[in-house]
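S.K.:
Residue numbers (the UniProt record's numbering), protein chains in the order written: chain F, 1 to 343; chain L, 1 to 343; chain E, 1 to 343; chain P, 1 to 343.
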């Protein structure tokens, strides 16, 4: 942490900053520059961050020099984390494709969808039973009934199941049905929920919030890791910008940035990222080329009959094409083929 | 809802849009323009919104023509909603000032703070017992102990108490201590929590999410209203933009826009809105001048010792100045003095 | 400037940073923290900023500690700059109101508009002769003809004239007609134009770019000041965010922030800031309450016949109300009345 | 264009909208819905767009149904535009790589850079002679001297030259040296400049503005096309968001969206897009996988000595790796290899 004093800050103002820091047991290192005096603070970074130094007279600003995340940082855990889900590994070299409808609509629908996803080359099944909807009047999902159908779909196809949890109270019930617990974008900073899934032994797919910085996203992961659950999969799903031709702006920059800062695997959701089926294939290809460990894609047997997100759902035919295109890219980038270096 | 067909869409494509709509019992009105054909859809707007029309071939885009909120809309409830809290009314002509520390830190601190807020001219006391913190390692609040201290502070001063609820499960316990339940920005789309407070008879102060559109914010209010709780106070607290000199960008435009669209009162939080005590007074004045029904302000006996948000907390002296400045503005704008028209 | 080394950076990496800095004649101050080593750099800040230190191996990031603007900074020029335009002073205690139509449409229209602005209480006349339009097919303004009409309107009313310059080549011609040269938001970083008006002796009204940070805006002012023209008036006119109910998001936070960082006066443009006449009065009031030195407002005799920006133009009646409301606020905040302190 | 009337708009209000439209010679089509009345407007879209309909009483909002660009639209020109530069074609199947230093620093530097770019597999040379710099105190480029060196570098290597034009007045001079005229992000809406290059017979590389919507970007292209120059290459170079780990947010979503809306080729600038050399390779790969027609990349013989943008410049070795990685992806996606469909 560095404290930058204002130009013209007095000796007394500097002194009171130094005294406050020392009273908290922190090391202090003063550099007087031509224009400004800078105070370096040495010590446990959490304690430093808590101090309201900008409230002190004579202080211009406080600049953190360390990232606030620890367990999520690559410095702490240099090797890539590999998350095992059934027989699949997320974070190894081969991209894993998670696909399925936005919502579980019926037993038949989800079992059929699971078969189609599997045939087309998907490895995990997604489907929402509890749906976070902007409107209280929209379809809110089938609830536990939907989880039962997901479990049946898994039984029928062997595909592990990913579904969203919205309520900490329901965790034990949900654990009995699902393989991966998804935290949705709107709940990325629902700390009650993050603490709950931190105590689970199911892997957690943590979506980035609509306007979350990468740092905040990693701090949300830190809540889960700090709770004792090491199996966090990050999911980039689009951020909010001024652009209106796309529903969100899929931020693929996050893929290499997360890989530099953290050991956690990151997957990409092009369906929510763009919100329009026309652009999903292009962004799926791009996500894999950027180095993502997988994709999560909305597919529906009949998008125009979907009960939610039909506009961004792929037909099975288009999904099948996507799987092929993506495989072609991942093969082209394989180290043995490509001699590609981790940048 | 209007469906805009692509230039060059075929007769068959148009026909299948019309058929889908009619099969759902919706009225259809086709206008063929020079360049494009437009299909007007008449009928219950919720059912229309659910249809994934953009998934149909030949459709360029779908344009909603109605706002999705109902109970929150001014069309539904033309008079301003007045929310009674103790002897104060939020939404009437006189701005209500809610103030206090970010966190409840001890019994002595919060009782002293309450006295100081009252002396300076504040009407309600704020203070966090459950704190949503970006880092799992930061101070998370005193929990129920903090609520007890808040209740004691109310007893000592008569100030009603506003505090944040983060967990639906804790609602009954919280209701026994507090006067207004605050939903924080990070939980604005935590639908489990919104549904819970919708069943409460305590007023709800609903903060706007960091990147929530005004429409989404009103839809979050709609969840509470639809649950049966009519006493929603909206709170603008800054949105996220690219600017870094301020922690957030307080969006005062939201004040007149909300007043045009909705009957719910809107208050402004300049402390979180800018994140720096230096700019709080200016933005508090501006908020009231824009027409806000009140303010929520962070004040601390000793900001540089605050356990959270000290950088943006006012000293008691500065808060006292703020109250005077704000009163001066609200007096200048009173209808009898000013002849101001509702624009 | 502070160079933060990565955790685990080697002694050699640190050494090469130090050597590069010393080879440029800069002072260097190394602090070894528990986790990271920090290199403080002392010396002329411009030379430091140019160095591509992040390209060096072992460097995590480079953190500037000084603001990059000089002539625009309050540290350089502690007193408020007052810009004289005719008999009016922008930056003194009394807000100056600039008003008029978006475009000059005809001689009669602008002369009539000038009379109406004057009667309603405006001090300067605005009107565009060269219009930056998103579409090449939209009305582009009357050009020099429009400037002549503006000069006639000034003659008729005594109101000084503000108009936009889009082309450096036209500066001498424009100087012969106008009193204040406006740089539009789209040209805020048109350095050719900034350098040109820096050589003029006419005051410059510099609009903030649609996504310009406050720092970049002050750097644009720095170009004008560095060219020798001290009379820069900053104009906040809304930034771009995700919100769609307003055309832009008027960022009033910029008012106190600019006043803290700089000595230059700042005025507010609520018309472009919100893009809808309904919200202009509220945001004008808020701008003045935030401390702005003036307003620039679009008014039209007949908004529904305006050739541009009719949707956001006030009628003369609504403008007249705005002037009264704003005067009431500025009176309420006058130091002698209010005892208000500069925060 | 569709005019949505407010709920409760009167018959007279509706009538005056209809009359205004008819008085302009436009066709009108009224649909009365359950809640709202909608007026469809038929006729030349430019004339409709100009009308300030929201200024009319009883009007809630006006919704455009057509895109405002014409010459740039795919509807107008269904085939992909191919831009020939020397022997290279931008917009055909094979990605074209433009590379070079941020600034031309000396004759030797740029000639050496050109040789290195060519050896590594680049097809065009970039280098700035006129530099748009945030600070007036930063290196502003060598000016015409720099253009001469670029021309010498072309002579030495055969690589066509791309460089930025900042000043319409300098166009004839610049045309005598360069092959492609670049319009920088900051000048995307500098209409004086757009009109000037619209009269040139040199291809134009048009960078997207920092907060430009895709629609505004295509409208800027429309200015060039309307001026008579059909050879516009669009360049996505990152937009401004709240994220701070990257300098900008490279918006690859723009690639498929532009390809859907327009016939113009789009290339990607990962160097400015992320602002950090570490992430350039990943985003270059992603850009090509998304379908971009090429890349523009900053490369420097010695990034830590670069006079500008060293932090984001690749070493020659890393650039060489990038070219290989990118070729591998484009080969994998070739239609004959991949059977990939245009989505």
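Every residue gets a Cβ at the ideal spot worked out from N, C-alpha and C, and that includes glycine. Just so it is clear, the structure is predicted and the values come from calculations on it, not from any experiment.
In chain order, which alpha helix (DSSP H) runs of at least 4 residues are fully inside the region 41 to 113 of chain L?
M.R.: 45 to 50
S.K.: Return the residue from the list F:87, F:41 and F:3 that minimises the CA-CA distance to residue 59 of chain F.
M.R.: F:3
S.K.: Give the list of continuous beta strand (DSSP E) stretches no shorter than 3 residues that lie fully inside the region 153 to 238 of chain F.
M.R.: The qualifying runs are 161 to 164, 180 to 183, 204 to 207 and 232 to 236.
S.K.: With residue 301 of chain P and residue 316 of chain P assumed to form a contact (beta carbons below 8 Å), what rounded beta-carbon distance in angstroms separates them?
M.R.: That belief holds up - the Cβ atoms of residue 301 of chain P and residue 316 of chain P are roughly 6 Å apart, short of 8 Å.
S.K.: Compile a chain-ordered list of the residues in the region 132 to 144 of chain P whose CB is closer than 9 Å to at least one CB of chain E.
M.R.: Of all residues in the region 132 to 144 of chain P, 132, 133, 134, 135, 136, 137, 138, 139 and 140 have a Cβ within less than 9 Å of some Cβ in chain E.
S.K.: Should residue 186 of chain E be flagged as near chain L, meaning a C-beta pair shorter than 8 Å?
M.R.: no
S.K.: Within its chain, find whatever has a CB closer than 6 Å to the CB of residue 196 of chain P; leave out the 5 residues flanking it on each side and keep chain order.
M.R.: 168 and 171
S.K.: Residue 275 of chain E: which of E:211, E:213, E:267 and E:240 sits nearest, CA to CA?
M.R.: Proximity to residue 275 of chain E across E:211, E:213, E:267 and E:240 peaks at E:240, based on C-alpha coordinates.
S.K.: Interface residues of chain F around residue 223 of chain P at Cβ under 8 Å?
M.R.: Within chain F, no residue has its CB atom less than 8 Å from the CB of residue 223 of chain P, the nearest being about 20 Å off.
S.K.: Which residues in the same chain as residue 211 of chain P place their Cβ atom closer than 8 Å to its Cβ, once the five residues preceding and following it in sequence are excluded?
M.R.: 239 and 240
S.K.: Return the chain-ordered list of same chain residues with a C-beta closer than 8 Å to the C-beta of residue 223 of chain E, the five sequence neighbours on each side being excluded.
M.R.: Answer for residue 223 of chain E: 191, 194, 195 and 198, listed in chain order.
S.K.: Comparing the C-beta of residue 206 of chain F with each C-beta of chain P, is any distance below 8 Å?
M.R.: no
S.K.: DSSP on residue 125 of chain F, reduced to helix/strand/coil?
M.R.: strand
S.K.: Report the rounded CA-to-CA distance for residue 225 of chain E versus residue 35 of chain P, giving the unit in angstroms.
M.R.: 56 Å
S.K.: Distance cutoff 8 Å, beta carbons only. Does residue 90 of chain P sit that close to anything in chain F?
M.R.: no
S.K.: Should residue 201 of chain F go down as buried or exposed, given a rule of 16 or more other Cβ atoms within 10 Å for buried?
M.R.: exposed
S.K.: So what does residue 262 of chain P bridge to, in DSSP terms?
M.R.: P:73
S.K.: Compile a chain-ordered list of the residues in the region 231 to 262 of chain F whose CB is closer than 8 Å to at least one CB of chain E.
M.R.: 240, 241, 242 and 244: these are the residues of the region 231 to 262 of chain F whose beta carbon lies less than 8 Å from some beta carbon of chain E, given in chain order.
S.K.: For residue 283 of chain F, does the three-state DSSP call read helix, strand or coil?
M.R.: helix
S.K.: If you measure between the beta carbons of residue 254 of chain P and residue 208 of chain P, is that distance less than 8 Å?
M.R.: In contact: residue 254 of chain P and residue 208 of chain P (Cβ atoms closer than 8 Å).
S.K.: Here's a check: name, in chain order, each residue in its chain whose Cβ is nearer than 8 Å to the Cβ of residue 303 of chain F, leaving out the five neighbours to either side.
M.R.: 277, 310, 311, 313, 314 and 315
S.K.: For chain E, is any of its Cβ atoms less than 8 Å away from the one on residue 333 of chain L?
M.R.: yes
S.K.: To the nearest angstrom, report how far apart residue 158 of chain E and residue 318 of chain E are at their CA atoms.
M.R.: One alpha carbon belongs to residue 158 of chain E, the other to residue 318 of chain E, and they sit about 23 Å apart.
S.K.: Measure the alpha-carbon distance for residue 251 of chain P versus residue 29 of chain E and round it to whole angstroms.
M.R.: In a straight line, the C-alpha of residue 251 of chain P is about 39 Å away from that of residue 29 of chain E.
S.K.: Once you ignore the five residues that flank residue 265 of chain E on each side, which residues in its own chain have a CB closer than 8 Å to its CB?
M.R.: 80, 81, 82, 83, 90, 91, 233, 234, 293 and 294
S.K.: Spell out whether any CB of chain P is found under 8 Å from the CB atom of residue 216 of chain L.
M.R.: no
S.K.: Whose C-beta lies closer than 7 Å to the C-beta of residue 71 of chain E among residues of the same chain, with five residues either side of it excluded?
M.R.: 222, 225 and 226
S.K.: Between the alpha carbons of residue 116 of chain L and residue 308 of chain L, how many angstroms are there, rounded?
M.R.: Rounded to whole angstroms, residue 116 of chain L and residue 308 of chain L show a C-alpha spacing of 19 Å.
S.K.: Taking C-beta to C-beta, are residue 163 of chain L and residue 120 of chain L nearer than 8 Å?
M.R.: no
S.K.: List the endpoints of the continuous alpha helix (DSSP H) containing residue 21 of chain P.
M.R.: For residue 21 of chain P, the enclosing alpha helix (DSSP H) starts and ends at 11 to 23.
S.K.: Could you work out which residues of chain P lie near residue 279 of chain F, taking near to mean beta carbons separated by less than 7 Å?
M.R.: 253, 256 and 257
S.K.: Examine chain F for any beta-carbon lying closer than 8 Å to the beta-carbon of residue 209 of chain P, and answer yes or no.
M.R.: Output row for residue 209 of chain P: interface = no.
S.K.: Buried or exposed for residue 244 of chain L, going by 16 or more other Cβ atoms inside 10 Å?
M.R.: exposed
S.K.: Is it buried or exposed, residue 203 of chain F, if we count other Cβ atoms within 10 angstroms and call 16 or more buried?
M.R.: buried
S.K.: Helix, strand or coil for residue 4 of chain F, going by three-state DSSP, please let me know.
M.R.: Here residue 4 of chain F sits in strand by DSSP.
S.K.: Who are the neighbours of residue 310 of chain E on chain P, taking C-beta pairs under 7 Å?
M.R.: 52 and 55
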